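Protein chains in written order, with our numbering: chain A, 86 to 197; chain B, 14 to 127. Remarks on the structure that follows.
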Amino acid sequence: GQQVMQIPQYQHVQEGEDFTTYCNSSTTLSNIQWYKQRPGGHPVFLIQLVKSGEVKKQKRLTFQFGEAKKNSSLHITATQTTDVGTYFCAKHGSGNTGKLIFGQGTTLQVKP
Amino acid sequence: DAGITQSPRHKVTETGTPVTLRCHQTENHRYMYWYRQDPGHGLRLIHYSYGVKDTDKGEVSDGYSVSRSKTEDFLLTLESATSSQTSVYFCAISEAGTALHGYTFGSGTRLTVV
Numbered sequence: 086g087q088q089v090m091q092i093p094q095y096q097h098v099q100e101g102e103d104f105t106t107y108c109n110s111s112t113t114l115s116n117i118q119w120y121k122q123r124p125g126g127h128p129v130f131l132i133q134l135v136k137s138g139e140v141k142k143q144k145r146l147t148f149q150f151g152e153a154k155k156n157s158s159l160h161i162t163a164t165q166t167t168d169v170g171t172y173f174c175a176k177h178g179s180g181n182t183g184k185l186i187f188g189q190g191t192t193l194q195v196k197p
Numbered sequence: 014d015a016g017i018t019q020s021p022r023h024k025v026t027e028t029g030t031p032v033t034l035r036c037h038q039t040e041n042h043r044y045m046y047w048y049r050q051d052p053g054h055g056l057r058l059i060h061y062s063y064g065v066k067d068t069d070k071g072e073v074s075d076g077y078s079v080s081r082s083k084t085e086d087f088l089l090t091l092e093s094a095t096s097s098q099t100s101v102y103f104c105a106i107s108e109a110g111t112a113l114h115g116y117t118f119g120s121g122t123r124l125t126v127v
C-alpha cells in the first residue's frame with residue numbers, strides 16, 4: 086500500500102552512543118523527507134533526499150537514501166540530550182498535491 | 014514557526030458539539046494540510062487544500078470537513094465531536110505540490126472531547 090514503515094518505534098541510548106532509525110517502503114520512492122519533533126512540539130523539516138544512493142550530512146546527522154530508492158536511514162553520531170524527540174520519515178502521496186504520508190516515527194530517549 | 018498559526022491551542026469540548034479549528038498563514042503558500050497525531054499512529058492526513066475552494070480528503074476524513082475561502086485560512090470542522098477525535102491536530106503549509114519542498118507545521122491544537 087502507501088505506507089512507510091519505520092523502525093524501531095522507540096530507542097533509548099546513553100549520551101554519546103550512536104543512533105539509527107530506518108524507513109522502508111514496498112514501492113519505489115520519488116523522494117523521502119525527514120522531520121524531527123521535540124517533546125510537546127511540532128514536526129520540523131530536516132532534509133529531503135531525491136537521488137538513488139544519496140548521502141547528506143547535517144553536523145552529527147547522516148541521512149541516506151537506498152540505491153533502490155525503497156529505504157532510507159537517519160544516523161546520529163554521538164547522541165546528545167538535545168537529540169531527544171521523535172524522528173519521522175515521510176514520502177509523497179500520488180499526484181502533485183504535495184500530501185505527505187508519514188511513518189509512525191522513532192522516539193529517541195537519551196540518558197545523560 | 015513564523016508564518017503559520019493555529020487557534021485555539023487547547024480546547025475541551027463535549028461529545029456531539031461542533032468544533033472548528035483554524036489555521037492561518039502569512040506565507041501565501043498554495044498548499045495547506047490538516048493532520049492528526051495519535052500515539053502509535055504518527056501523523057495522519059485528514060484533509061488538504063491545493064488552492065482557494067479546492068480541497069480533498071485524506072486518509073482519515075470521516076467526521077471532518079474543511080473550508081478554504083481565502084489563501085491564508087484553512088478551517089477544520091468536527092461536525093459532531095466524538096471521543097475518538099481527541100487528538101493533537103497539526104496544520105501544515107507547503108509552497109508547492111511538487112516533490113521538492115518540506116512542510117512548515119503550526120504549533121498544534123490539543124483537542125479533548127469529553
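Yeah, the Cβ is synthetic: ideal placement off N, Cα and C, and Gly gets one too. Fair warning: this is a prediction, and the values are worked out from it, not measured in the lab.
The stretch 131–162 of chain A: positions lying closer than 9 Å to chain B by Cβ
With the criterion set as a beta carbon lying under 9 Å from some beta carbon of chain B, the members of the stretch 131–162 of chain A are L131, I132, Q133, V135, in sequence order.
Is there a Cβ from chain A that is less than 8 Å from the Cβ of G64(B)?
Not closer than 8 Å to any Cβ of chain A, the Cβ of G64(B) fails to qualify, so no.
Selected residue, minimal CA-CA separation from T106(A), among S137(A), V89(A), H177(A)
Considering only S137(A), V89(A), H177(A), the residue with the shortest C-alpha distance to T106(A) is V89(A).
Touch check for the stretch 147–160 of chain A and the stretch 80–98 of chain B: three-plus C-beta pairs under 8 Å?
Touching, no.
Three or more C-beta pairs under 8 Å: does that hold for the stretch 30–44 of chain B against the stretch 116–133 of chain A?
Result no; under three Cβ-Cβ pairs closer than 8 Å.
Which residues of chain A have a Cβ atom closer than 8 Å to the Cβ of H54(B), listed in chain order?
Those within 8 Å of H54(B) in chain A are Q189.
Leaving out five residues on either side along the sequence, give the residues of the same chain with a beta carbon under 6 Å from the beta carbon of V135(A).
Cβ within range, chain order: N116.
For a test of the three-state rule: what should DSSP assign to T162(A), helix, strand or coil?
If DSSP states are grouped into helix, strand and coil, T162(A) belongs with coil.
Between the Cα of G115(B) and those of F104(A), Q118(A), F150(A), spot the shortest distance and give me the residue it belongs to.
Of the candidates F104(A), Q118(A), F150(A), Q118(A) places its Cα closest to the Cα of G115(B).
By a C-beta neighbour count over all protein chains shown, 10 Å radius and 16 as the cutoff for buried, is Y95(A) buried or exposed?
Result: exposed.
Nearest chain B C-beta to K37(A) closer than 8 Å, yes or no?
Only positions 86 to 197 of chain A appear in this structure, which leaves residue 37(A) out of reach.
8 Å is my cut-off, CB to CB: does P124(A) come that close to chain B?
Not one chain B Cβ lies under 8 Å of P124(A).
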